[in-house]
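Chains as they are written, first to last, in the numbering used here: chain R, 112 to 713; chain L, 112 to 713.
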């Protein structure tokens, strides 16, 4: 019997979500085309991601766009030329190449086969004697060899200059770091995202959409002062709960993000914040919360430079838990590598140096009591001295002193420390303040001063920023949304298929269905459709078959709402709006329809 | 002195529109990164294109998304493996490769050098004796050889299976045609678009953004019944004017699109319609109408299978007229090629055959008199015969008869001809109708019948659709928008730079500027910014430097509106909105600001 994956793929192909690429030429393993519904869903999905990770993110964020073809030196520096490999073995009978770690796992090896070295793989193969997945003979395999997984090409015909199709979008962000840092006025933190295609020349792709030779990614690289891996809005996400699977015990822990940081399970607040935003996005896109967890990389999985790394995994009926997002604290590894490799004989490329070695600001927020207008009259001749004393005793001054800053020499600060400040807010004081000045205690009444909060930036520290990277695999998540959304069953003796896509990513938002093909209903339906399209909605217009069959057709592709235009519409200027999930039918005035859907879709 | 191109590129680099890729590694000719402002502008530009070519286009349209890597057989069929070539010559002194047609053109050859064959190029080089662009010596060149311009790669490591990075996005649409045809319920016309990257491994890219090794395209393939290259909305664009440069005289003709079709200058109405939509899009994106024209391909430029082909060209101070869109009537060439090549020994692949050889519908619109409700009572016993006679004499029946259809056998039509009909509108009749029935003239009064307009589709004709292809080069058009938008000058003794980007593509729609850094203005500015961001606007928030300097900074990146938050804002809850182009300043209530900008941006 067809399992859920088969059902999903059959539906996806039949209705135009996903087609195997180049099928009329016999196809090519590991490549898929997104058809009309799939491409539209993919675009809405990517725009939703931009909404969460760029437009409504309080960290300053920007998007950039870099080429697919990348010269070899960049990928030498990133480690991909040396390390982006799988172990390959070849069947001694049929000569078919196979990925060695998958082979030993399928043959029953219980550990993390991806971490095995070539001699260990050879030993496992000798012990397990697996059959070749291509010819089904157990004729043995060649010794495992490292196979690089990048697609090579030539830059400039006949030039001999090697380039690769990028294996991830992140490297474009790292090589542009000096320019990006300047773009963000040399202040940390900031984040840069890139959405786009990448390639991985898989040895033998076999798992449908999970293992592609060309795929889409959405990556964010968020740069932090290594000493300040915090987020000002963490409190907004701290009480949300998730399932964490830490590497310490590999068991489920249902915790809030706040607890996960406080207990030390997640390395720092900034990392936990991005886990929470990842969860928020995946749920908004329609992933089933019960089939989503965060799994910490095992110790032998984690890169040596990573401070911490978690995968968001979704559960699939056929494939089990599948990684779809990696959220890693990569330290300063990437920037260090590029600084080293882009230089010659150990010297950094000047332009790169200028920024890496520049003086990124460190910002702190200080609270300062400042005189309100009636301050001077009240305190008379003590006013000036009291004011100076207030500055000296303020949280700002204490923070400055801790950093070796001389607050007394206020006027000189810009020259000496490149201090800049920005007032965030100003509030009335609630209690009198006692300061020592002119050799006595001076009581400054609450009415005579206010509390100002300043963002203060002090230049002068040399740091190499570190990066937290949430990296999303688009195709896998789209597959998850289809598998989690698919509902099949029987109702009143009739089989039905419903794809419960989130209204935020459904490729058709509203279908307009004229009840019959006469009495001017098709024309009315078309008029309504164009009103909705002009208002920016994605619509479909279906006039063939019974209304029940048309509802079923829309349910199958996840259309959240159907609008039925009937003979009463011509009289009462209203339509019936049917909700996919509840089946509820509401009569809505045509005049207010766009407004109604704007409110519904948010 | 720096020309406009230099000014554009300096500004683009400094402000984060465009950066040479991989610069820290010495760069790579023909590759650019879009920085934060450039990537955002590119995305808005592509979304605007979708709005014009998909969302508000009355032809049924869909978007698909296919991989970059394409197996060789697809590109053999399309002709790219054999014909996607330039002639290459190598300098005898320095061994640098150069594109031969560019070399002879630069040396003074006046014809279309791109059409010269290798021996003609060799003869021209012998006569013109140009210097090598790399070493500047006139040491002569090797004979010209054809150089394929595709980037090759391997599909599956060690497989020996050749793939190429696609040189255009169109082929994905053509290979999916059978699936797409079914998706559109086997009715013509329909259009399919694809946006994405393509590669062209240029021999020696030298013209900045005009000649890239990796570039973005937006392509539409609109499939027509070869006998019906019309557009139902042509009348809406027919009276718009444009400058046409036909190949007959290569001179400017200022005509309406209607005149261009009527005079036979543009081959057919559908092609002219897509020229008009192209113009509409380019002007909305901000191209200068005075620096845009449509040039017909010269006879030796046009592909042998093309029925007609026009380029939209923009004028550049440095480069002259530059092609940025090609709009071609490609006949049925592409589908024919894929049908031929995807088959084995001349037989078509079954799945492909099924659709290519299937029975695309031909639709016509017929006007039919139909009885209104009071029809029967009035005519009594003649009613039924009169009704039948009305059908027989209708425009519908005449049209059907012309196609050999038997309208009398109404009940059988679906089985015999697969006729389907859809009522478009119904109007009252304005005059009585005389029909012959029951052996006499029967007068049917106007009050007794109505005129219904039906879209009738008759299946049964075997055709191979032809295609009209508007194909847009994203990078070149973005460059044009920057060059056309750049305005430099002096005002009150101060130099200024203004980038007059269309509000529809500007990367920052609204900048929020707190007048000072105190009195709570930055907090108020932030609050306003977040309201606008939540409403979907792209914003910037700049608080450093004088207000004049900040206006200048926003003018330079094309921000259409600046919102200044001043001390009065805290009292009157209003802000000053400054218009980039007019300098006009309006006081607008904060509460209505999002609504105000929604109306302005449309």
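All C-beta atoms, glycine included, are put in the ideal place defined by N, C-alpha and C.
(message) Check whether chain R comes within 9 Å of residue 608 of chain L, counting only Cβ atoms and requiring the distance to be less than that.
(response) By one-based count along the second chain, residue 608 of chain L stands at place 497. Taking CB atoms only, residue 608 of chain L has no neighbour in chain R less than 9 Å away.
(request) Would you verify that the beta carbon of residue 599 of chain L is, or is not, closer than 9 Å to some beta carbon of chain B? (result) Among the chains of the structure shown, chain B does not appear; the protein chains present are R and L.
(request) Might you give, ordered along the chain, the residues of its own chain that have their beta carbon closer than 8 Å to the beta carbon of residue 242 of chain R, omitting 5 neighbours on each side? (result) Residue 242 of chain R sits at position 131 when you count from the first residue of the first chain. So the list reads 248, 249, once near-sequence residues are dropped.
(request) Would you mind stating whether residue 313 of chain R and residue 348 of chain R have Cβ atoms separated by less than 9 Å? (result) The residue given as residue 313 of chain R occupies position 202 in the first chain. The residue given as residue 348 of chain R occupies position 237 in the first chain. Contact flag unset, no.
(request) Quick one: residues in its chain with C-beta nearer than 6 Å to the C-beta of residue 469 of chain R, no 5 flanking neighbours on either side, listed in chain order? (result) Indexing the first chain from 1 puts residue 469 of chain R at position 358. Residue placement at residue 469 of chain R is flagged as unreliable, the pLDDT there being 21, under the threshold of 50; a coordinate-derived value is accordingly withheld.
(request) Identify every residue that forms a DSSP beta bridge with residue 547 of chain L. (result) What you label residue 547 of chain L is simply residue 436 of the second chain in a count that begins at 1. As computed with DSSP, residue 547 of chain L is found in a beta bridge with L:552.
(message) Taking beta-carbon pairs under 7 Å, can you tell me which members of the region 290-312 of chain L lie near chain R?
(response) From the region 290-312 of chain L, only 290, 294, 308, 310, 312 have a Cβ closer than 7 Å to chain R.
(message) Could you check whether the Cβ of residue 644 of chain L sits closer than 9 Å to any Cβ belonging to chain R?
(response) Here the question's residue 644 of chain L lines up with position 533 in the second chain. Yes, contact with chain R.
(request) Taking residue 305 of chain L and residue 330 of chain L to be in contact with their CB atoms under 8 Å, please state how far apart those CB atoms are, rounded to whole angstroms. (result) As a working mapping, residue 305 of chain L is identified with position 194 in the second chain. As a working mapping, residue 330 of chain L is identified with position 219 in the second chain. Rounded, the Cβ-Cβ distance is 6 Å, consistent with contact.
(request) Below 8 Å CB to CB, which residues in the same chain sit around residue 170 of chain R once its five sequence neighbours on both sides are set aside? (result) Sequence index remark: in the first chain, residue 170 of chain R carries index 59 (1-based). The residues are 300, 301, 302, 333, 342.
(request) Would you list the one or two residues that DSSP bridges to residue 329 of chain R? (result) Locating residue 329 of chain R in the first chain gives position 218, where the first residue counts as 1. Residue 329 of chain R is bridged to R:306, R:583.
(request) Take the Cβ of residue 601 of chain L as the centre, count every other Cβ of all protein chains shown within 10 Å, and call the residue buried at 16 or more, exposed below. (result) Locating residue 601 of chain L in the second chain gives position 490, where the first residue counts as 1. Exposed, by the Cβ-count rule.
(message) Nearest by alpha-carbon distance to residue 272 of chain R: which of R:430, R:263, R:279 is it?
(response) Within the first chain, the letter at position 161 stands for residue 272 of chain R. Answer by Cα proximity: R:263.
(message) I need the boundaries of the alpha helix (DSSP H) containing residue 167 of chain R, first residue and last residue.
(response) Your numbering for residue 167 of chain R matches position 56 in the first chain. Segment: none, residue 167 of chain R is in no alpha helix (DSSP H) and carries neither H nor E.
(request) Could you check what DSSP says for residue 668 of chain R in three-state terms: helix, strand or coil? (result) As a working mapping, residue 668 of chain R is identified with position 557 in the first chain. Coil at residue 668 of chain R, not helix or strand.
(request) Give the residues of chain L in contact with residue 130 of chain R, contact being defined as C-beta atoms less than 7 Å apart. (result) Your numbering for residue 130 of chain R matches position 19 in the first chain. Residues of chain L passing the Cβ test: 287, 290.
(request) Could you tell me whether the Cβ of residue 699 of chain L comes closer than 9 Å to any Cβ of chain R? (result) Reading the second chain from its first residue, position 588 is the one you call residue 699 of chain L. It does not; no Cβ of chain R falls within 9 Å.
(message) Along the region 162-174 of chain R, where does the CB come closer than 7 Å to a CB of chain L? Name the residues.
(response) 166, 167, 173, 174
(message) Run through the DSSP bridge pairs and tell me what residue 599 of chain R is partnered with.
(response) Stepping through the first chain from its first residue, residue 599 of chain R is reached at position 488. Bridge partners of residue 599 of chain R: R:608.
(request) Give a yes or no on whether the C-beta atoms belonging to residue 637 of chain R and residue 619 of chain R are separated by under 9 Å. (result) Numbered from 1 along the first chain, position 526 holds the residue referred to as residue 637 of chain R. Numbered from 1 along the first chain, position 508 holds the residue referred to as residue 619 of chain R. Cβ distance not < 9 Å, so residue 637 of chain R and residue 619 of chain R don't count as in contact.
(message) Less than 9 Å between the beta carbons of residue 674 of chain L and residue 704 of chain L, yes or no?
(response) Position 563 of the second chain, counted from the first residue, corresponds to residue 674 of chain L. Position 593 of the second chain, counted from the first residue, corresponds to residue 704 of chain L. The answer is yes: Cβ separation under 9 Å.
(message) At the level of alpha carbons, what is the spacing between residue 655 of chain R and residue 291 of chain L?
(response) Along the first chain, read from residue 1 onward, the residue named residue 655 of chain R stands at position 544. Along the second chain, read from residue 1 onward, the residue named residue 291 of chain L stands at position 180. Going by the C-alpha atoms only, they are around 19 Å apart.
(request) Return the chain-ordered list of same chain residues with a C-beta closer than 8 Å to the C-beta of residue 322 of chain L, the five sequence neighbours on each side being excluded. (result) For this step, residue 322 of chain L is matched to residue 211 along the second chain. Same-chain partners within the cutoff: 141, 313, 316.
(message) Using only CA atoms, which one of L:692, L:709, L:688 lies nearest to residue 699 of chain L?
(response) In the second chain, counting from the first residue as 1, residue 699 of chain L sits at position 588. It is L:688.
(request) State whether the region 394-414 of chain R contacts the region 220-227 of chain R, with contact taken as three or more CB pairs (one from each stretch) at a distance under 8 Å. (result) Result yes; three or more Cβ-Cβ pairs closer than 8 Å.
(request) From the DSSP output, in three-state form, read off residue 519 of chain L for me. (result) Working through the second chain from its first residue, we reach residue 519 of chain L at position 408. Confidence at residue 519 of chain L is low in this model, with a pLDDT of 43, below 50, so its placement is unreliable and no value can be given for it.
(request) Run the CB neighbour count on residue 365 of chain R, radius 10 Å, all protein chains shown included, and call it buried at 16 or more, exposed below. (result) Mapped onto the first chain, residue 365 of chain R falls at position 254. Exposed, by the Cβ-count rule.
(message) Comparing C-alpha positions only, which one of L:283, L:692, L:427 sits nearest to residue 143 of chain R?
(response) Taking the first residue of the first chain as 1, we reach residue 143 of chain R at position 32. It is L:283.
(message) So with CB distances below 8 Å, who are the chain L contacts of residue 684 of chain R?
(response) As a working mapping, residue 684 of chain R is identified with position 573 in the first chain. What residue 684 of chain R touches in chain L: nothing, since even the nearest Cβ is about 17 Å away.
(message) Whole angstroms are fine: how far does the CA of residue 160 of chain L sit from the CA of residue 294 of chain R?
(response) Here residue 294 of chain R refers to the residue found at position 183 when the first chain is read from its first residue. Here residue 160 of chain L refers to the residue found at position 49 when the second chain is read from its first residue. C-alpha separation (whole angstroms): 28 Å.
(message) Can you pull the chain R neighbours of residue 144 of chain L, defined as C-beta to C-beta under 9 Å?
(response) Mapped onto the second chain, residue 144 of chain L falls at position 33. Here the neighbours are 175, 176, 177, 178, 283, 286, 287, 290.
(request) Could you name the residues that DSSP lists as bridge partners for residue 155 of chain R? (result) In the first chain, counting from the first residue as 1, residue 155 of chain R sits at position 44. None, per the DSSP bridge assignment.
(request) With DSSP collapsed to three states, give me the class of residue 448 of chain L. (result) Taking the second chain and counting its residues from 1, one reaches residue 448 of chain L at position 337. Helix.
(request) Quick one: list the residues of chain R neighbouring residue 412 of chain L, beta-carbon separation under 7 Å, in chain order. (result) Locating residue 412 of chain L in the second chain gives position 301, counting from the first residue. Those within 7 Å of residue 412 of chain L in chain R number zero; the least Cβ separation is about 23 Å.
(request) Please list, in chain order, all residues of the same chain as residue 490 of chain R whose beta carbon is under 8 Å from its beta carbon, the five residues on each side excluded. (result) Mapped onto the first chain, residue 490 of chain R falls at position 379. Contacts found: 497, 553, 555, 559.
(message) Using a Cβ distance threshold of 8 Å, determine whether the region 575-587 of chain R contacts the region 435-450 of chain R, with at least three qualifying pairs required.
(response) Three or more Cβ pairs closer than 8 Å define a contact, and the region 575-587 of chain R meets that threshold against the region 435-450 of chain R.
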